[in-house]
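Colleague: Numbering-wise (my numbering), the sequence shown opens with residue 15 and increments by one.
Just so it is clear, CB atoms sit at the ideal spot from N, CA and C, and this is done for glycine as well.
Starting off with a structure, shown below.
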Amino acid sequence: MTMQGHKAGAALAIAADVRAGHRSAVSVVTDVIADIEARDTRFNSVTRILGPAAVAQAEEVDKAIAAGRDPGPLAGVPFGVKDLFDVRGEVTTAGSIVLRDNLPATRDAVVVERLRAAGAVPVATLNMDEFAYGFSTENAHTGTTRNPHDTARLAGGSSGGSAASVAAGLLPFTLGSDTNGSIRIPSSLCGVWGLKPTYGQMPLGGVYPFVASLDVVGPMADTVEDLRAVYAIMAGGAPVGEPDMGDVRVARLGGWFADNISTELRAGIDAVMAHLGQDRVIELPEVARARASAFLISAAEGGNLHLPRLRRRSMQYDPATRGRLMAGAMLPAATFVQAQRFRRWFRDHVHAALAQADVLVAPTTVGVAPRIDQPSIVVDGKTVSARANLGIFTQPVSLAGLPVLAAPLAVDGLPLGIQLIGAPGGEAKLFAVAAELQRAGLAACRPLEAGYARKDS
15 MTMQGHKAGA ALAIAADVRA GHRSAVSVVT DVIADIEARD TRFNSVTRIL
65 GPAAVAQAEE VDKAIAAGRD PGPLAGVPFG VKDLFDVRGE VTTAGSIVLR
115 DNLPATRDAV VVERLRAAGA VPVATLNMDE FAYGFSTENA HTGTTRNPHD
165 TARLAGGSSG GSAASVAAGL LPFTLGSDTN GSIRIPSSLC GVWGLKPTYG
215 QMPLGGVYPF VASLDVVGPM ADTVEDLRAV YAIMAGGAPV GEPDMGDVRV
265 ARLGGWFADN ISTELRAGID AVMAHLGQDR VIELPEVARA RASAFLISAA
315 EGGNLHLPRL RRRSMQYDPA TRGRLMAGAM LPAATFVQAQ RFRRWFRDHV
365 HAALAQADVL VAPTTVGVAP RIDQPSIVVD GKTVSARANL GIFTQPVSLA
415 GLPVLAAPLA VDGLPLGIQL IGAPGGEAKL FAVAAELQRA GLAACRPLEA
465 GYARKDS
C-alpha cells in the first residue's frame, strides 16, 4: 500500500473560488471544454460536449454573483452525465443509435435539475455500454472507453465514461447508474470514488431505465468530500452527517468474496481491516445463487422492456446487447418468479448479517482492469468474458438493494477498489469509513492533470 496525502475536493474548491470571485464560472467551463477537446481522444469517455448551453449557464452563475445573489453550493462546477440522463435540449441515447432520432428532452432528469439549481453546470454526456447492459463500456456505436491509467485497458462499465472522465482529470464529478455494479466496477478499475445509494432513495425521473427493480443512480468524484456533497444535493439537499468511527462496526465478507481475488487486492483489504482494528469475518449464504438471480432478473426485465423495439429494429442494436436482451425476453415467467422469491430470502439474510456489523468490506472486482485486446478475467480457474462477469462481487449485493460506496485503494500501479456495504439508509456510516481511509492514506483517487485546476490570470 502507498500512503498518499489527502487533498481538498476539486468540485468544492472550484465552487469556493467562483463564489469568492477568484475565478469566473465561464472560464472554468471553457477551460474544461477545451481540455476535453484536447485530451479525450485518448480515452473516449465523452460522447457529446454541451458547449453553448454550458457557457450560457455559466454566464448566469457569474451574473448571480455580480448581483450579490447566492449562486448555489456548487457554483460554476462543471460535470458530466452518463448518456441515459435527460439533459434539456439534448437527445438521450442510452448509448444506442436506436434512440438517436428521438425528440430532445424538454427538461432535465430530476437529479440533474437539482444539481443545476445548486449552480453546477452540465458540460458533457458520457460513454456507456449500450442500454447499460455490460460491465466494460465496449460499445459498437460509440466505441470503447479506455482506462486513463493504461489506455490499453478497459475502464469498466456500464458507467465507464463517467469514471474515466474523473480519473483523467477532465471533470471533477460525474453521474452514473448502477443496476448490478455499473458505478462500482468502473470506479474501482479507474481508481475514483463512487456511490450506489440505497435502492429507491434517488428519484429516477428522466433516467432511461434498464431493470426497474434494481436501477439506482449516483455520483463519482475524486474525493470523499465531493462525493458526499454531490450525493446530498442529488438526494434533495439535506446534509449527510458523519458518525464517530468509534460507533461504526466493520467486518469483511469472506467465502465467495475471498475467492478469486488478486494477491495485491487481498493485501489491500488486509491493510484496511488492520487500520480499522477490525478482524471480524462474515459469510453470506447462497451468494452464487444470488448472483444467478440478479442475472435472471436483469435479463428478464431488460429483455421485456426492449422486446417491442427488438421485434422491429433488432439489427440496430449492438450485437452483444441484442443477444442478451433477446435471451432474457424468452425466459419463462416461472424462472423470473423463482428468482424474485429467492431475492426476498437473500435480502432477509443479508439484513441479518448487517445486524452484526454496520459496514461490510468486500472486493469490487477480482483485480485490475482487463486489457482491451483480451477482455476477460479468470474465475474459478476458467477464463470468462469481462463484459458479462466483472460483476461477480457486485451483483449479489445489488440484489439486496443496499447502499455501497466504492473506495479506490491507494496502491502502486493500476487501480484496485473495494466495496463498503451498508444497511438500507446507512450512507452516513459508509462516508465515515471512507473518510477515515482517505485521511489515513489507504484510499485515494489519482486523477491525471486536471484542466479544471487552472486559475484565471
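(1) Could you tell me the distance, in whole angstroms, from the CA atom of Gln409 to the CA atom of Ala78?
(2) Please report the straight-line C-alpha distance between Ala308 and Gln71, rounded to a whole angstrom.
(3) If I follow the unbroken beta strand (DSSP E) through Ala420, where does it start and stop?
(4) CB Leu423 to CB Gly291, shorter than 7 Å?
(5) For Gln433, count the other beta carbons within 10 Å of its own beta carbon; 16 or more makes it buried, fewer makes it exposed. Which is it?
(6) DSSP state of Asn161, grouped into three classes?
(7) Given a cut-off of 7 Å on the beta-carbon distance, is the pair Phe93 and Val254 in contact?
(8) Have a look at the DSSP bridge pairing and note the partners of Met234.
(9) How is Ala119 classed by DSSP in three states: helix, strand or coil?
(10) Suppose you measure from the CA of Met15 to the CA of Val373; what does that come to, to the nearest Å?
(11) Is the beta carbon of Ile28 sitting closer than 7 Å to the one on Val42?
(12) Rounded to the nearest angstrom, how far is the Cβ of Val225 from that of Ser191, given a contact under 8 Å?
(13) Taking Thr277 as part of the alpha helix (DSSP H), name the residues at either end of that continuous run.
(14) First and last residue of the alpha helix (DSSP H) that includes Thr139?
(15) What are the start and end residues of each continuous alpha helix (DSSP H) run of 4 or more residues lying completely inside the region 57-138, in chain order?
(16) Pick helix, strand or coil for Ala460, following the three-state DSSP scheme.
(17) Is it true that the CB of Ala24 sits closer than 7 Å to the CB of Asp236?
(18) Counting only the same chain and skipping the five closest in sequence on each side, list residues whose C-beta sits under 6 Å from that of Val32.
(19) Within a Cβ cutoff of 6 Å, which residues of the same chain sit near Trp270, ignoring the five residues on either side of it in sequence?
(20) Hey, could you find the ends of the beta strand (DSSP E) Ala226 is sitting in?
(21) Tell me which residues share the same chain as Asn518 and place their Cβ nearer than 7 Å to its Cβ, disregarding the 5 neighbours each side in the sequence.
(22) Quick check: the Cα distance between Lys21 and Glu51, rounded to an integer number of angstroms?
(23) Expressed to the nearest angstrom, what Euclidean distance is found between the alpha-carbon atoms of Cys117 and Val105?
(24) State the start and end residues of the unbroken beta strand (DSSP E) segment that holds Gln433.
(25) Considering Leu404, what are the terminal residues of the beta strand (DSSP E) in which it resides?
Modeller: In terms of the structure at hand:
(1) Their backbone Cα atoms lie some 44 Å apart in a straight line.
(2) For Ala308 and Gln71, the distance between alpha carbons rounds to 40 Å.
(3) Counting along the chain, the unbroken beta strand (DSSP E) around Ala420 starts and ends at 418-422.
(4) no
(5) buried
(6) strand
(7) no
(8) Thr188, Gly208
(9) coil
(10) In this prediction, Met15 scores a pLDDT of 42, lower than 50, which makes its location untrustworthy; no coordinate-derived value is stated.
(11) yes
(12) Actually they are not in contact, since the Cβ atoms of Val225 and Ser191 sit about 10 Å apart, beyond 8 Å.
(13) 277-290
(14) That residue, Thr139, is in no alpha helix (DSSP H); its beta strand (DSSP E) goes 135-140.
(15) 65-80, 124-131
(16) Checking the displayed sequence, the identity of residue 460 turns out to be Arg instead of Ala. Here Arg460 sits in coil by DSSP.
(17) yes
(18) Ala39, Ala89, Gly90
(19) Val301
(20) Per DSSP, Ala226 is not a residue of any beta strand (DSSP E), being assigned neither H nor E.
(21) Residue 518 is absent from the model: the chain starts at 15 and stops at 471.
(22) Note on Lys21: pLDDT 47, under 50, position unreliable in the model; the coordinate value appears next. Going from the Cα of Lys21 to the Cα of Glu51 covers about 26 Å.
(23) Before going on, a small fix: residue 117 reads as Leu here, not Cys. If you take the alpha carbons of Leu117 and Val105, they lie about 6 Å apart.
(24) 431-436
(25) Element bounds for Leu404: n/a, residue is neither H nor E.
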